[in-house]
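Residue numbers (this note's numbering): 282 to 464.
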Ligand code: FNR
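What follows is the structure, given as structure tokens:
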């Protein structure tokens, strides 16, 4: 069968390292997996007053997540946590109360940063939120990547063979995790 993964990227930046990482990971996935990037840049700031009248962009995001067999979060670290745009998307997807789009979806958490500890703290904060949202989240291997020159080749693939091998292992584990948990 086919497995559709909703990819949520925590950066809106055009040249985002995290977007590049998401594309590189998708290129390593088994053939029965497809990756669809979920747009979060046009979501309004979450306001509980709008729960009964969600914006079209919110409805679109929620249905994309609901239609996926898994969710892949690829996020930078902002001030030792997740970016507000990502939290905003998570909050939108969780409401109205009792109608969360996230519940039960197997999740993967990865990230890349120029900093030495490569998004570890942001990922830990994100795991806390995903636990509450009842998303079974792959625990191992962890994937903290430091952005360095020449990490990606001209085609957007991982240039270093050792790094590529590590990412391949991560993708294989994540694919197995999704298969195990997809309803
Ligand atoms: C950052 N950056 C950053 N990096 C990090 O490793 N830990 C951090 O806490 C922060 N904090 C932070 C706050 C804000 C407001 C910005 C704009 C940036 C640097 C960040 O990792 C870098 O800008 C990355 O390039 C962001 O990821 P994308 O946009 O390339 O995917």
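Think of the CB as a built atom: it goes at the ideal place given N, C-alpha and C, for glycine as much as any other residue.
Beta-carbon contacts of residue i that lie in its chain and below 8 Å, excluding the five residues immediately before and after
i	result
residue 433	301, 305, 439, 440
7 Å CB neighbourhood of residue i in its chain, flanking five on each side removed
i	result
residue 332	376, 377
residue 319	287, 288, 289, 342, 345, 346
residue 410	371
residue 463	284, 350, 351, 387
residue 431	440
Distance cut-off 7 Å: residue i Cβ against heavy atoms of the ligand FNR
i	result
residue 320	no
residue 345	no
residue 396	yes
residue 360	yes
residue 375	no
residue 400	yes
Residue i in three-state terms, based on DSSP
i	result
residue 444	helix
residue 368	helix
residue 317	strand
residue 362	strand
residue 427	strand
residue 285	strand
residue 420	coil
residue 307	helix
residue 293	coil
Own chain, CB closer than 6 Å to residue i, minus 5 neighbours either side, in chain order
i	result
residue 315	285
message: Using 8 Å as the cut-off, can you tell me whether the segment 397–411 makes contact with the segment 438–449, which would need three or more C-beta pairs spanning the two stretches below that distance?
response: These segments do not touch.
query: Any chance the segment 383–392 sits against the segment 328–340, with 3 or more Cβ pairs inside 8 Å?
result: No, because fewer than three Cβ pairs between the segment 383–392 and the segment 328–340 fall closer than 8 Å, the two stretches do not touch.
message: Assess contact between the segment 439–453 and the segment 394–403, defined as three or more Cβ pairs (one per stretch) separated by less than 8 Å. Is contact present?
response: The count of Cβ pairs closer than 8 Å, one atom from the segment 439–453 and one from the segment 394–403, stays below three, leaving the stretches out of contact.
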